[in-house]
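For reference, the structure is listed below as structure tokens.
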Amino acid sequence: MLIRACGIRKSFRTGGRKVEVLKGCSLCIGERETVVLFGESGCGKTTLGKVLLMLEKPDAGEVFYRDVELTGLRNLGHLRRKLQLIPQNPGEALDPRWKIYDSLAEPLRVHKLADNREEELEMVMSFAEMVGLKEEHLHRRPAEVSGGELQRVAIARALILEPEFVVCDEPTSMLDVSVQAAIVRMLMDFQKKLGISYLFITHDFSLAKAVADRMYVMGGGIVVKELRKEELQGLPPESLKLHKLLTASLRP
Ligand SMILES: Nc1ncnc2c1ncn2[C@@H]1O[C@H](COP(=O)(O)OP(=O)(O)OP(=O)(O)O)[C@@H](O)[C@H]1O
Ligand SMILES: [Mg+2]
Numbered sequence: 417m418l419i420r421a422c423g424i425r426k427s428f429r430t431g432g433r434k435v436e437v438l439k440g441c442s443l444c445i446g447e448r449e450t451v452v453l454f455g456e457s458g459c460g461k462t463t464l465g466k467v468l469l470m471l472e473k474p475d476a477g478e479v480f481y482r483d484v485e486l487t488g489l490r491n492l493g494h495l496r497r498k499l500q501l502i503p504q505n506p507g508e509a510l511d512p513r514w515k516i517y518d519s520l521a522e523p524l525r526v527h528k529l530a531d532n533r534e535e536e537l538e539m540v541m542s543f544a545e546m547v548g549l550k551e552e553h554l555h556r557r558p559a560e561v562s563g564g565e566l567q568r569v570a571i572a573r574a575l576i577l578e579p580e581f582v583v584c585d586e587p588t589s590m591l592d593v594s595v596q597a598a599i600v601r602m603l604m605d606f607q608k609k610l611g612i613s614y615l616f617i618t619h620d621f622s623l624a625k626a627v628a629d630r631m632y633v634m635g636g637g638i639v640v641k642e643l644r645k646e647e648l649q650g651l652p653p654e655s656l657k658l659h660k661l662l663t664a665s666l667r668p
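Residue numbers (our numbering): 417 to 668.
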């Protein structure tokens, strides 16, 4: 297994109240696999995705990347580039003051992946082209490109490091169906080319069905069910009904 999480717990303190969001979540993701994390809004999908990448520290439980226990490390160091997030809100990954070019070049600079400015330019241009951005976009700031273009920038920024594991957090939720399909196709092409594993977070059941090798359903702060591809294909398309069905036993 590439990624393995056991018994993840996480609570947040807001307005003096402690809310337990993750109540012991366990899952695993294999090499080159696309695993969907499915569940209704607010159930803790983003939180769990961030815990797997050590962008949120869990209160309890362990996360392993291959044989390395990430939860035991003070910081990820060189492993950071292997584990990347395409955030739910693409703006989250980008500094509004920077030109798109610099947002794409920065990870290369941080991880010292380009020997000189020429090589940096070449890498940025090739990834921009792969995600369908034009050269003119690179000179603009986030506020000066469309939502779909911004989503492409966030994808390029995560993939330019050639990671092994990427959490795609609703990477197409703000887009219309045709752009959504193009971006999902692009992510799948990258997977073939670079050999990436994905945790694909969504609450869109037809999208889940289209991309998943396996699916975990979340509800009530835990992973309530695991579905294999064959099981998934046999289910009806009414996502909400499905989710209610799967989590019904947890509700009082
Ligand atoms: N930093 C935080 N402080 C306090 N509460 C938080 C924080 N982050 C998340 N939460 C709460 O934890 C719960 C789970 O949030 P999370 O973003 O993980 O859900 P989600 O399943 O990704 O939802 P969505 O499908 O809407 O994106 C929500 O009730 C949210 O309000
Ligand atoms: Mg979310």
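By construction, the Cβ of each residue, glycine as well, lies at the ideal position given by its N, Cα and C atoms.
Here the structure is a predicted model, which means the values were calculated and not measured.
Original post:
To which residues of the same chain is ARG420 closer than 7 angstroms at the C-beta, ignoring the five residues directly before and after it?
Top reply: Counting from 1 along the sequence shown, the entry for residue 420 is found at position 4. Closer than 7 angstroms at the Cβ level, and outside the excluded window around ARG420, lie CYS444 and PHE480.
**OP:** Consult DSSP for SER427 and reduce its assignment to one of helix, strand or coil.
**Re:** Residue numbering aside, residue 427 sits at position 11 when the sequence shown is read from its first letter. DSSP places SER427 in strand when its eight states are reduced to three.
Original post:
Nearest CA to the CA of TRP514: which residue from ARG425, LYS528, HIS555 and GLU485?
Top reply: The count along the sequence shown starts at 1 and reaches residue 514 at position 98. TRP514 has its Cα closest to that of HIS555, out of ARG425, LYS528, HIS555 and GLU485.
**OP:** Would you grab the beta carbon distance between LEU615 and GLY465 for me? Rounded to a whole angstrom, and I think it's under 8 angstroms.
**Re:** Start at 1 with the first residue of the sequence shown, and residue 615 comes out as number 199. Start at 1 with the first residue of the sequence shown, and residue 465 comes out as number 49. Right, the Cβ-Cβ distance comes to about 6 angstroms (below 8 angstroms), so this counts as a contact.
Subject >> Minimum C-alpha distance to GLU646 - residue among VAL639, GLY563 and ASP629 >> reply: Within the sequence shown, the letter at position 230 stands for residue 646. The shortest C-alpha separation from GLU646 is found at ASP629.
**OP:** State yes or no: is the C-beta of VAL600 within less than 9 angstroms of the C-beta of LEU577?
**Re:** One-based indexing of the sequence shown puts residue 600 at position 184. One-based indexing of the sequence shown puts residue 577 at position 161. No, the Cβ-Cβ distance between VAL600 and LEU577 is not below 9 angstroms.
Original post:
First and last residue of the beta strand (DSSP E) that includes LEU591?
Top reply: Mapped onto the sequence shown, residue 591 falls at position 175. It is not in any beta strand (DSSP E) - LEU591 carries neither H nor E in the DSSP assignment.
Subject >> Straight-line Cα distance separating TYR632 from VAL639 >> reply: Along the sequence shown, read from residue 1 onward, the residue named residue 639 stands at position 223. Along the sequence shown, read from residue 1 onward, the residue named residue 632 stands at position 216. For VAL639 and TYR632, the gap between their C-alpha atoms comes out near 6 angstroms.
Subject >> LEU453 - DSSP class collapsed to helix/strand/coil >> reply: Within the sequence shown, numbered from 1, the residue matching residue 453 stands at position 37. Three-state DSSP puts LEU453 in a strand.
Original post:
Excluding the five sequence neighbours on either side, which residues of its own chain have a C-beta within less than 7 angstroms of the C-beta of LYS461, listed in chain order?
Top reply: Mapped onto the sequence shown, residue 461 falls at position 45. Counting only Cβ-Cβ distances below 7 angstroms, and skipping sequence neighbours, we find LEU453, GLY455, ILE617 and MET634.
Subject >> Within the region 572-628, ranges of the alpha helix (DSSP H) (whole runs, at least 4 residues) >> reply: 593-610 and 621-627
Original post:
Mapping DSSP to helix, strand and coil, what is ARG568?
Top reply: Within the sequence shown, residue 568 is the residue found at index 152, counting from 1. It is helical.
**OP:** With DSSP collapsed to three states, give me the class of GLN500.
**Re:** Walking along the sequence shown from the start, residue 500 turns up at place 84. GLN500 falls in the strand class under three-state DSSP.
Subject >> Check: MET634 C-beta below 8 angstroms from any heavy atom of ligand 1 >> reply: If you number the sequence shown from 1, residue 634 lands on position 218. Checking the Cβ of MET634 against ligand 1 gives yes.
Subject >> Rounded C-alpha distance that separates PRO506 from THR463 >> reply: Numbered from its first residue, the sequence shown carries residue 506 at position 90. Numbered from its first residue, the sequence shown carries residue 463 at position 47. C-alpha separation (whole angstroms): 16 angstroms.
Subject >> Euclidean distance between Cα positions of ARG644 and VAL627 >> reply: The residue given as residue 644 occupies position 228 in the sequence shown. The residue given as residue 627 occupies position 211 in the sequence shown. One C-alpha to the other measures close to 12 angstroms.
Original post:
Should GLU545 be counted as a contact of ligand 1 given a C-beta to heavy atom distance under 8 angstroms?
Top reply: Translated into the one-based positions of the sequence shown, residue 545 becomes position 129. The answer is no for GLU545.
**OP:** Starting from ALA476, follow its DSSP beta bridges and name the residues at the other end.
**Re:** The residue given as residue 476 occupies position 60 in the sequence shown. ALA476 is bridged to ARG425.
**OP:** List the DSSP bridge partners of TYR481.
**Re:** If you number the sequence shown from 1, residue 481 lands on position 65. When beta bridges are read from the DSSP output, TYR481 appears opposite ILE419 and VAL484.
Subject >> 6 angstroms CB neighbourhood of ALA570 in its chain, flanking five on each side removed >> reply: Here residue 570 corresponds to residue number 154 of the sequence shown, with the count starting at 1. Here the set comprises ILE502, PRO506 and ALA509.
**OP:** Out of SER594, SER457 and GLN607, point me to the one whose CA is closest to VAL583's CA.
**Re:** Here residue 583 refers to the residue found at position 167 when the sequence shown is read from its first residue. For the residues SER594, SER457 and GLN607, the minimum Cα distance to VAL583 belongs to GLN607.
**OP:** In angstroms with no decimal places, state the Cα-to-Cα distance between LEU537 and LYS609.
**Re:** Stepping through the sequence shown from its first residue, residue 537 is reached at position 121. Stepping through the sequence shown from its first residue, residue 609 is reached at position 193. Going from the Cα of LEU537 to the Cα of LYS609 covers about 21 angstroms.
Original post:
Can we count ILE617 as close to ligand 2, meaning its CB is less than 8 angstroms from some heavy atom?
Top reply: Mapped onto the sequence shown, residue 617 falls at position 201. Checking every heavy atom of ligand 2 against the Cβ of ILE617, one is found closer than 8 angstroms.
Original post:
Taking contact to mean at least 3 C-beta pairs separated by less than 8 angstroms, is the region 516-532 in contact with the region 549-568?
Top reply: yes
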